[in-house]
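Some notes on the structure that comes next.
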Amino acid sequence: MRYNWQQNDWPHFRYDTTGIEDLLFQFAERTGRISGFFQGLPQHLQSDAIIDMMVSEAIKTSEIEGEYLSRKDVMSSIKRNLGLNPELP
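For what it's worth, this note's numbering labels the leading residue of the sequence shown as 637, then goes sequentially.
Listed below in structure tokens is the structure:
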């Protein structure tokens, strides 16, 4: 697989949405359902879920670059940067 900047048409991408319109609709519908479920959670569970997603994304992004980070350290850093006490569960 090539990086975007290695593509012949970089940075002028061309694409045809007709092949993915149904998938985009399904994605939007599922996203709405998940959003509705999420909105129904208590605030503290919403916060926990958002932080957990941020931690997972940070770890995955680092792994792409060959860095392997501690989940605990990443969570502590995110909570500290958000002004939350990293010692609290």
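We put the beta carbon where it would ideally sit given N, CA and C, even for glycine.
Just to confirm my understanding: we take V691, look at its own chain, exclude 5 residues before and 5 after, and list those with CB closer than 8 Å. What are they?
Correct list, in chain order: R707, V710, M711, I714.
Relative to the C-alpha of N717, which residue among I687, E701, L705 is closest?
N717 has its Cα closest to that of I687, out of I687, E701, L705.
What is the rounded straight-line gap between the Cα of Q679 and the Cα of Q643?
The straight-line gap from Cα to Cα measures roughly 44 Å.
Does DSSP put H680 in a helix, a strand or coil?
The DSSP-derived three-state label of H680 is helix.
Residue ranges of each alpha helix (DSSP H) within the segment 639 to 696, 4 or longer
Complete alpha helix (DSSP H) runs here, min 4: 657 to 675.
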